[in-house]
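First comes the structure, then the notes that go with it.
Numbering (full-length UniProt numbering), first residue to last: 1 to 142.
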């Protein structure tokens, strides 16, 4: 299973903001992660809606990792960005093998197992040592 680009960006933004001691701007996040600003802005909005980030408007505003967001799981973030659809959309593809297909059930189980593993990983786990020092070097501003 491959995560879409927005999900990948969301997880990287979450890790980066979790290690930062100060608020970041969307521009700073985009620059640090080498991502398009417009995409980062959309992902930040979605992360704010699901409780990973807080956003503060105004001159001294910015983006920060939300209090308690370290307890959210990677699985929750992935579901928020990927949705709950099956890996293969049998009805949409008009597959003629649907009636006797055994593959669909196995794909469902594989997807459930994939998400179950991610449900065991808290966002806080992604920034605990030994990874935190490296992430902190990325959040430092010149």
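Just so you know, even glycine gets a beta-carbon here, dropped at the ideal spot from N, CA and C.
Neighbourhood of residue i by C-beta distance below 8 Å, restricted to the same chain and skipping five residues each side
i	result
residue 116	75
residue 82	3, 4 and 7
residue 122	70, 71, 72, 73 and 74
residue 107	86, 87 and 88
residue 1	87, 110, 111 and 114
residue 119	73, 74, 75 and 76
residue 68	51
residue 58	none
residue 101	90 and 95
Short Cβ contact (7 Å threshold) for residue i with residue j
i	j	result
residue 54	residue 13	no
residue 63	residue 24	yes
residue 104	residue 90	yes
Among the options, the one whose alpha carbon lies nearest that of residue i
i	options	result
residue 15	32, 27 and 1	32
residue 231	27, 18, 24 and 47	Shown here, the chain extends from 1 to 142; a query on residue 231 therefore has no answer.
residue 125	18, 9 and 1	18
residue 49	96, 94, 59 and 10	10
residue 45	101, 80, 84 and 100	80
Sequence-distant residues of the same chain with beta carbon closer than 7 Å to residue i, five excluded per side
i	result
residue 66	51, 52, 53 and 54
residue 56	23 and 62
residue 35	9
Beta-carbon separation (whole angstroms), residue i vs residue j, contact threshold 8 Å
i	j	result
residue 27	residue 37	6 Å
beta-carbon residue i near the ligand ZN non-hydrogen atom, thresh 6 Å
i	result
residue 31	In the structure shown, the ligand ZN is absent, as is every other ligand, since no ligand is present at all.
6 Å CB neighbourhood of residue i in its chain, flanking five on each side removed
i	result
residue 40	26, 29 and 30
Every unbroken beta strand (DSSP E) within the stretch 23 to 89, with a cutoff of 3 residues, ordered by chain: 53 to 56 and 62 to 65
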